[in-house]
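Notes to accompany the following structure.
In our numbering, the protein residues as written are 38 to 534.
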């Protein structure tokens, strides 16, 4: 049997509000149930139905396809359209599409995992690089990325000048031609660092350092040796506590010949000036840009069994993840139809029904892949009515999503959703003033007072590395900004104990 697909639609419907605005209740945030969200992103390939961790777009995350048994629930979006569970199967590290038709080449494939937990133990991917905005057709990722590297950081540094007089070298019967110096180094076992009780942020640092030299005579004979050892006993600023870590002391030298005189019997008298820089350094992490060369690496195989192998391969998620019952009602619009019932469910997508919103934690309505504000529809058990001035075009997919989360005792946890809507205006920052007031007037909520949030740009779910949210401000952290007029929907989901 041919199963019709939903991912052929790549436009969005702009529905205007006819009445009402959203409201947000005042709640006790101490009862908030926290959640972590991870998003697997990839691009469709022609005739490809199996996607693995290796297909993930690493600029958006690198945790791969999580174990579905370790999360509360998951959703699959293809080209921005939420897919029914009959269209795919998910296993750890494996996504299999089960439709006869495969997505168009380059279509976005987004697998979103949501994990509710009673503790604020979020296991997210700290990736701070700027990435291209995911649109219905993602452009090829830029070759320029960012990486974290370990570099020395100077805690403090001091300089000194030393003049070495009456330094004598025996060069034999030959004349003096030239002398060169190499970088000085601290003599082994001479470095000592001691605390100064009266000055807690300073240390007494003592050491001897040695400077190699090379003398060339007029017959090209080379004579190597060391200048006399130079001793230093100084006070250095070291603000950190180094009980378990000793900073590395670095000595940099620049030596210069000031005077040279060859006496009888081959004695060469020299006066040498030495400029010294003494540094206390430690290694720190720094983020730098780099060009992605797409090097290929072979698998590293341990010689011995590793006791933490299960930990290395396991998903990063809290152990007390709350399971959720997740169901979808799918229908097609008919051009002049505003109301839908269970009888309109597409049989090929299962036996989903329109649940009573009182019996679930929260719910969402998608029309042509675009998340709708609650002011656009009325929902009751076995009844959906679209109350906008415009009616969806004939054949547009309509999807109702129901999420029911239960606590350990089996009680259904109640939640609420808030949707901030705006239109793309060519800038990276959006505020409460950009909100489309006909859809709501509550602005951008404080993410610390919600369980999690999702950002949709032109109907496509965005990875968290592409934006940041704080109360009243949404910032897009992407190289490519949404086109002007593109719908931007920031959804906040709050679940309460």
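Using N, Cα and C, we set each Cβ at its ideal position, and we do this for glycine too. The structure displayed is predicted, hence computed values, not measured ones.
- For secondary structure counted as the alpha helix (DSSP H) over 4 or more consecutive residues, the region 121-156 holds no complete run.
- 472 is the residue among 227, 124, 134 and 472 whose C-alpha sits nearest the C-alpha of residue 459.
- Annotation: the region 69-124 contains the following complete segments of the beta strand (DSSP E) (minimum length 3 residues), in chain order: 69-80, 87-89 and 110-115.
- Under the 10 Å beta carbon count, residue 501 is surrounded by 16 or more other beta carbons and is classified as buried.
- Per DSSP, residue 521 has no beta-bridge partner at all.
- Nearest to residue 119 by C-alpha distance, out of 493, 254 and 474, is 493.
- Beta-bridge partners of residue 452 (DSSP): 532.
- Proximity of the region 188-198 to the region 300-317 meets the contact definition, three or more beta-carbon pairs being nearer than 8 Å.
- Taking the Cα of residue 274 as reference, the smallest distance to any Cα among 183, 238, 419 and 268 is reached at 238.
- Burial of residue 292 is indicated by the presence of at least 16 other C-beta atoms within 10 angstroms of its C-beta.
- The beta carbon of residue 265 lies closer than 8 Å to those of 201 and 204 in the same chain, with the five residues before and after it left out.
- For residue 297, the enclosing beta strand (DSSP E) has its first and last residue at 285-299.
- Excluding sequence positions up to five before and after residue 463, its CB lies within less than 8 Å of the CB of 518 and 521, all in the same chain and listed in chain order.
- Only exposed fits residue 210, as fewer than 16 other CB atoms lie within 10 angstroms of its CB.
- When DSSP reads this structure, residue 361 sits in a beta bridge with 442.
- Going by beta carbons, residue 153 and residue 397 fall outside the 8 Å limit.
- Counting only runs of 4 or more residues that sit fully inside the region 200-244, no alpha helix (DSSP H) segment turns up.
- Residue 113 is a Cβ neighbour of residue 148, given a cutoff of 8 Å.
- Secondary structure note for residue 464: it is in no beta strand (DSSP E), with a DSSP letter that is neither H nor E.
- Assigned with DSSP and collapsed to three states, residue 514 falls in coil, not helix or strand.
- Between residue 449 and the set 483, 416 and 399, the nearest pair of CA atoms involves 399.
- Residue pairing of residue 270 in beta bridges, as defined by DSSP: 243.
- Under the 8 Å Cβ criterion, the region 244-262 counts as touching the region 212-226, having at least three qualifying pairs.
- Nearest to residue 258 by alpha-carbon distance, out of 235, 208, 532 and 285, is 208.
- In this structure, the straight-line span from the alpha carbon of residue 413 to that of residue 184 is close to 44 Å.
- Of 509, 474 and 427, the smallest CA-CA separation from residue 466 is found for 509.
- Cβ neighbours of residue 409 within its own chain (closer than 6 Å, five residues either side excluded): 402.
- Non-local C-beta neighbours of residue 422 in its own chain, meaning closer than 7 Å and more than five positions away in sequence, comprise 375, 376, 414 and 415, ordered along the chain.
- Beta-bridge annotation (DSSP): residue 434 is paired with 369.
- In the DSSP annotation of this structure, the continuous segment of the beta strand (DSSP E) that includes residue 401 starts and ends at 399-404.
- The beta-bridge partner set that DSSP reports for residue 194 consists of 316.
- In this structure, the alpha-carbon of residue 213 lies about 9 Å from that of residue 303.
- A Cβ-Cβ separation of about 5 Å places residue 361 in contact with residue 442 under the 8 Å criterion.
- Annotated as proximal: residue 115 and residue 146, with beta-carbon spacing under 8 Å.
- When the five nearest sequence neighbours on each side are left out, the beta carbons in the same chain lying within less than 7 Å of the beta carbon of residue 125 are those of 113, 132, 133, 134 and 135, in order along the chain.
- Counted as a single uninterrupted DSSP element, the beta strand (DSSP E) harbouring residue 490 occupies residues 489-494.
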